[in-house]
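Undergrad:
Residue numbers (our numbering): -9 to 210.
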């Protein structure tokens, strides 16, 4: 699908929602390496199993995932302290990676076109909110968005808040690359577009088509 066809899909949208990792920034590999850094002292087999689960559950925050790891998958004396330390290691690894990772091809041109049409644009991400804002500012992308929303607040809560504020209206479009994104778009009556080129969930191509959604590789 061409850039002009993607823009036409959004031309009369009431709003456009973007996930961040795999949709605006090619950051999914950054997060995988950050989980490995966060769990460097844990059993490697368990860590790789955890990462495989992470790939299948994109859009869920690191806070929820690492809390589950230390409360359900391993036995430690103080799960809260272990989780906090892992979160610090994750953040240290992710911050540098987010600054250096590339943009998804064509996303900047699409954002410029949406802004020129005065279409409200938001990022709703499972990534840490401050981290996502810093990364998008570093890439000179933050200026395009009306709001940049991340964890620890969940994506669902952010969408509910936007709807309550009158900023999430019928006729919106949601660009995402995870099952959670697809389910949220359906639940909030947003047209969903699956961005497949950098996803951690390759099965999503088939699932998106089966559910009647558009699939694109990137925004070019």
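Just so you know, even glycine gets a beta-carbon here, dropped at the ideal spot from N, CA and C. Quick caveat: nothing in here was measured; it's all calculated off a predicted structure.
Starting from residue 118, trace the beta strand (DSSP E) both ways and give me its first and last residue.
TA: Residue 118 -> beta strand (DSSP E) spans 111 to 118.
Undergrad: Grab the span of the beta strand (DSSP E) containing residue 181 for me, first residue to last.
TA: Element bounds for residue 181: 181 to 185.
Undergrad: Which whole-angstrom value describes the C-beta separation of residue 184 and residue 167, a residue pair presumed to lie in contact below a C-beta threshold of 8 angstroms?
TA: Residue 184 to residue 167, Cβ: 7 angstroms. Contact.
Undergrad: My output table needs one value for residue 36: the three-state DSSP class, helix, strand or coil.
TA: If DSSP states are grouped into helix, strand and coil, residue 36 belongs with the helices.
Undergrad: Distance, Cα to Cα, residue 38 vs residue 80?
TA: Rounded to the nearest angstrom, the two C-alpha atoms are 15 angstroms apart.
Undergrad: Report the three-state DSSP secondary structure of residue 157 (helix, strand or coil).
TA: Three-state DSSP puts residue 157 in coil, outside helix and strand.
Undergrad: Please report how far the alpha carbon of residue -8 lies from the alpha carbon of residue 118, in whole angstroms.
TA: Answer to the nearest angstrom: the Cα atoms are 32 angstroms apart.
Undergrad: Between the C-alpha atoms of residue 45 and residue 209, what's the straight-line distance to the nearest angstrom?
TA: About 22 angstroms.
Undergrad: For residue 36, count the other beta carbons within 10 Å of its own beta carbon; 16 or more makes it buried, fewer makes it exposed. Which is it?
TA: Label assigned to residue 36: exposed.
Undergrad: Is the beta carbon of residue 110 less than 8 angstroms from the beta carbon of residue 128?
TA: Going by C-beta atoms, residue 110 is not nearer than 8 angstroms to residue 128.
Undergrad: For residue 7, I'd like the list of residues in its chain whose CB is within less than 6 angstroms of its CB, leaving aside the five on either flank, ordered along the chain.
TA: Excluding sequence neighbours, residue 7 sits near 112, 114, 164.
Undergrad: With distances taken between CB atoms, is the gap from residue 16 to residue 49 smaller than 8 angstroms?
TA: No. Outside cutoff.
Undergrad: Taking the alpha-carbon of residue 89 as reference, which of 130, 179, -4 has the nearest alpha-carbon?
TA: Nearest C-alpha to residue 89: 130.
Undergrad: According to DSSP, simplified to helix, strand and coil, what is residue 144?
TA: The answer is coil: DSSP assigns residue 144 none of H, G, I, E or B.
Undergrad: Just the Cα atoms here: how many angstroms apart are residue 40 and residue 59?
TA: Roughly 8 angstroms between the two C-alpha positions.
Undergrad: What are the boundary residues of the alpha helix (DSSP H) that residue 80 is part of?
TA: Residues 69 to 90.
Undergrad: Helix, strand or coil, according to DSSP, for residue 8 in the structure here?
TA: Three-state DSSP puts residue 8 in a strand.
Undergrad: Specify the secondary structure class of residue 29 as computed by DSSP and reduced to three states.
TA: Of the three classes helix, strand and coil, the one that applies to residue 29 here is coil, per DSSP.
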